[in-house]
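Okay, structure first, notes after.
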Amino acid sequence: MIKGSVATAALALSQFPLRSFGLPEPEENEILIPFTDKLPATPNRPMIQWEQLTEWMTPEKDFFAVSHYGPAKVDAEKWNLEVSGLVKHPKTFSLAGIKARKRREITATLECSGNGSSPTFMGAVGNTKWAGTPLGPLLKECGFQKGAIEVAFFGTDEKKEKIKDNEYLQNFGRSLTIADALDDRILLAYEMNGKPLPPEHGFPLRLIVPGWYGVAWVKWLKRIEVLDHRFMGRFMARDYVTIRGEERPDCTIWRETSVTKMNVKSVVARVVRRSDGSLRISGAAWTDGTPLERVELKIDDGSWIETHTDKRNQSKYAWTFWHYDWQHPLSGEHTLVSRATDANGVIQPSADDPRIKLKKTYYEANQQYPRKFSI
């Protein structure tokens, strides 16, 4: 139960989400200016509708969900979590047992690693509050045997996969190094935005790996296995692999890397006309947890302009809203594009940057994305 000032703060956040995070509240009579390059709708699939982005927390109806073997149906009364492999004390936990452990909440942005790969797949990202128990203490209680190097996570969802010339029943699986698995930000989560996980988001338990792409956030979690060798399942070794080229004077070198941490990224979300005639251009930006240094905006062929961003550290793994007020907009057609830069100096690349131009798979599509509108 939330009491006193905490309840008041929670209510204020839900009622005035932009003002609560350092951004001015929308005007009552502001007019939305539609983009002329309107993104095609993806039928029957929840996604962020960028032109409607006014809430820091993503409504459940707009929160994307991806599954590779189809959503699993789990009976919470019969469900349990097995921790096995190279552990000194193998254990099994019921949902009640997981909920009885220390509780922690984290607000984190979840992005599909294919988000931005095409105009029809631009809204597979969302921000919400997750609640559960930290993974690290549970693993330490089980103890690691000598030689252990990785922790693999398996969901209840399953399918037969053809490997070489035979078919084998496989559960969806991903792994983390022991060092990553022990990071205190990682949760075994049973709540999403204050409610039990919806079935499509992994009920009754899912892994939360803030700063990593969604493929690492294993849903319908049923088994944790500690290994003394690298886990090489389909979604680590054969799928969710990015192929990039590096041009050298005499050749191009091609590398395959596993999809892991999110790349620095921003989007232009909406444009509104305000009562004084100015245009407010706003959007969102996110990183892998590295602090966001700045978000810049380019209007047509102009120079990059630094926008206003919320500088308070509300949650290092959550997205940041940004805006720029164009005081004297010119009539006609215009192109907007944003770019984010993190504290390490990593700049969101343009579409013709070699990091994007020489990327031959659709994963990790964090290129700048221009939007067009007319006034």
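For the sequence shown, counting from 1, position 50 maps to 50 in the UniProt record's numbering; every step adds exactly one. The beta carbon of each residue, even a glycine, is placed where N, CA and C say it ideally should be. If you're wondering where the values come from, they're calculated on a predicted model, not measured in any experiment.
Of the listed residues the options, nearest to residue i (C-alpha basis)
i: A108; options: M236, Y324, G289, G345; result: G289
i: F321; options: T335, K265, A365, F373; result: K265
i: T54; options: A96, K61, A284; result: A284
i: K146; options: I178, R355, L95; result: I178
i: Q49; options: N29, T260, V268; result: V268
i: L358; options: E256, V271, V346, I375; result: E256
i: G75; options: F121, G136, S258, L205; result: According to the sequence provided, residue 75 is Asp. The question's Gly does not apply to it. Of F121, G136, S258, L205, the residue nearest in Cα terms is L205.
i: K159; options: Q327, D180, F235, A100; result: F235
i: K99; options: E191, E161, N171; result: E191
i: Q170; options: K360, V259, M232; result: M232
i: T213; options: G97, G116, E30; result: Looking at the sequence itself, residue 213 is Tyr, so the reference to Thr does not match. Residue G116 is the option with its Cα nearest to Y213.
i: V346; options: K162, N44, V295; result: V295
i: R101; options: E77, K195, D165, A189; result: A189
i: Q314; options: Y240, W286, M122, F63; result: W286
i: G277; options: I163, L330, T260; result: L330
i: L340; options: T309, H328, K360, Q327; result: First, the residue type needs correcting, since residue 340 is Ala and not Leu in the sequence shown. Of the listed residues, the one whose Cα sits closest to A340 is T309.
i: D353; options: S303, E246, K162; result: E246
i: R274; options: D239, P249, H328, I253; result: H328
i: N44; options: F121, L32, T58; result: F121
i: V215; options: N366, Y240, I299, D180; result: Y240
i: K311; options: H323, D180, K298; result: H323
i: T58; options: G194, L95, R238; result: G194
Run of the alpha helix (DSSP H) containing residue i, from where it starts to where it stops
i: L135; result: 135-142
Test item: CB-CB of residue i and residue j under 9 Å
i: L182; j: I208; result: no
i: Q368; j: A351; result: yes
i: L279; j: D325; result: yes
i: W319; j: W56; result: yes
i: A72; j: T156; result: yes
i: R355; j: R244; result: yes
i: Y362; j: P210; result: no
i: F93; j: L135; result: no
i: F144; j: G173; result: no
i: R270; j: S258; result: no
i: E28; j: K91; result: no
i: residue 376; j: G332; result: Since the first residue of the chain shown is 1 and the last is 375, residue 376 is not available in this structure.
i: E364; j: S113; result: yes
i: G85; j: L227; result: yes
i: W254; j: K88; result: no
Start-to-end residues for the beta strand (DSSP E) that takes in residue i
i: L187; result: 187-192
i: G85; result: 81-85
i: G97; result: It is not in any beta strand (DSSP E) - G97 instead sits in the alpha helix (DSSP H) that spans 95-99.
i: R103; result: Segment: none, R103 is in no beta strand (DSSP E) and carries neither H nor E.
i: I356; result: It is not in any beta strand (DSSP E) - I356 instead sits in the alpha helix (DSSP H) that spans 354-357.
i: A179; result: Note, A179: premise wrong, no beta strand (DSSP E); alpha helix (DSSP H) at 178-181.
i: W326; result: 320-326
i: S118; result: Neither: S118 is in no beta strand (DSSP E) and is coded neither H nor E.
i: D342; result: 333-342
i: S266; result: 265-273
i: T257; result: 252-258
i: W286; result: 279-286
i: G70; result: Segment: none, G70 is in no beta strand (DSSP E) and carries neither H nor E.
i: D157; result: 150-163
i: L205; result: That residue, L205, is in no beta strand (DSSP E); it is neither H nor E in DSSP.
i: I243; result: 241-247
i: K298; result: 292-299
i: K222; result: 221-227
i: R371; result: 371-374
Rounded distance between the beta-carbons of residue j and residue i, thought under 8 Å
i: E51; j: M262; result: The pair is not a contact, with the Cβ atoms about 23 Å apart (cut-off 8 Å).
i: E105; j: A131; result: 5 Å
i: P34; j: P119; result: Their Cβ separation, rounded to whole angstroms, is 15 Å, which puts P34 and P119 out of contact at 8 Å.
i: M47; j: D37; result: That belief does not hold up - the Cβ atoms of M47 and D37 are roughly 17 Å apart, past 8 Å.
i: V272; j: E30; result: 4 Å
Interface flag, residue i vs chain C, CB-CB below 9 Å
i: S331; result: Annotation note: the requested chain C is absent from the structure, which comprises a single protein chain.
Touch test, the region 116-129 against the region 140-154, Cβ-Cβ under 8 Å, three pairs minimum: no
Under 8 Å, with one C-beta from each stretch per pair, do the region 213-223 and the region 74-83 reach the 3-pair mark? yes
Specify whether the region 196-208 and the region 66-74 touch according to this definition: at least 3 beta carbon pairs, one from each stretch, less than 8 Å apart. yes
Report yes or no: do the region 326-337 and the region 356-373 share at least 3 C-beta pairs separated by less than 8 Å? yes
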